Amino acid sequence: RDRSMSERDGELGSGFSVEVARSWERELFDADVSIRRVALRLSIVLGAGGGAINPIIDLARVGLGGRMGDGGQMFSWVHVDDVARTLDHLYATSDIAGPVNVATPFPVTNEVLMHQVRSALGRDHGLATPAWLLRLGARVIRTEPELVLKSRWVEPQVLTDSGFDFRYPTLEGALADIASRTRPGLLPVALG
Numbered sequence: 001r002d003r004s005m006s007e008r009d010g011e012l013g014s015g016f017s018v019e020v021a022r023s024w025e026r027e028l029f030d031a032d033v034s035i036r037r038v039a040l041r042l043s044i045v046l047g048a049g050g051g052a053i054n055p056i057i058d059l060a061r062v063g064l065g066g067r068m069g070d071g072g073q074m075f076s077w078v079h080v081d082d083v084a085r086t087l088d089h090l091y092a093t094s095d096i097a098g099p100v101n102v103a104t105p106f107p108v109t110n111e112v113l114m115h116q117v118r119s120a121l122g123r124d125h126g127l128a129t130p131a132w133l134l135r136l137g138a139r140v141i142r143t144e145p146e147l148v149l150k151s152r153w154v155e156p157q158v159l160t161d162s163g164f165d166f167r168y169p170t171l172e173g174a175l176a177d178i179a180s181r182t183r184p185g186l187l188p189v190a191l192g
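Quick note: the sequence shown, position 41, residue 41 per the numbering used here, numbers continuous.
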């Protein structure tokens, strides 16, 4: 069942990204060192000038900005500025150790994500992409379809419990900031 997962009560599940994370964390926590260890569990990082938002924008630009799969999968994300601020916060908060989810407390469904990106581009509609087509396309470009189809509903409990304040807690605010930092014409904004 799909539900919110925190560092304390989450289930890691299975799949490509989970196996990569397990391997990294095993190496980190099995190391025989006497220092504080923090494992950053980064959600999808959004920011201007590249990264995860670009393929999403490109799809919406060419009319494929509808939901991916059934659209109900959760999309946990974080603004790149909040990632940098998280590092400062963790450095200054020496009692935090172990896994830390770096994600906004307000994830959205894939359908909401695609709608907000289309809105930012001034596009009313976007064709949905069925799961079978995403799986086929992922094989062609040699990537994992789970990166789009798997629900990622991450709760940043350690950060919120330690008083961290997200500068960009909502997707709408993050997209507005990204648009303000993007060359004119690349992402005309109609948010708000």
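Backbone N, C-alpha and C fix where the C-beta goes; we use that ideal spot for every residue, glycine too.
From a predicted model like this one, the values you see are computed outputs, not experimental measurements.
Alpha-carbon to alpha-carbon, residue j and residue i
| i | j | result |
| --- | --- | --- |
| S162 | E146 | 31 Å |
| F106 | G47 | 17 Å |
| I178 | G50 | 10 Å |
| A31 | L149 | 34 Å |
| A97 | L113 | 32 Å |
| L127 | V62 | 9 Å |
| M5 | V38 | 18 Å |
| D124 | L28 | 46 Å |
| T104 | F166 | 7 Å |
| L133 | D58 | 17 Å |
| S34 | P130 | 49 Å |
| A52 | W77 | 10 Å |
Beta-carbon contacts of residue i that lie in its chain and below 7 Å, excluding the five residues immediately before and after
| i | result |
| --- | --- |
| Q116 | L171, E172 and L175 |
Sequence-distant residues of its chain with Cβ nearer than 6 Å to residue i (five each side left out)
| i | result |
| --- | --- |
| V80 | V45 and G47 |
| N110 | R67, M68, G71, Q73 and F75 |
| L121 | A60 |
Burial state of residue i (16 or more Cβ within 10 Å)
| i | result |
| --- | --- |
| S180 | exposed |
| G65 | buried |
| R8 | exposed |
| I141 | exposed |
Nearest neighbour of residue i, chosen from the options [CA to CA]
| i | options | result |
| --- | --- | --- |
| T86 | V140, F164 and R22 | F164 |
| T93 | R36, D2 and W132 | R36 |
| P169 | G13, D88, G15 and V102 | V102 |
| V18 | P130, L159 and E144 | E144 |
| Y91 | T129, L159 and A138 | L159 |
Coarse secondary structure for residue i, derived from DSSP in three states
| i | result |
| --- | --- |
| A131 | helix |
| A39 | strand |
| I44 | strand |
| T143 | coil |
| R67 | coil |
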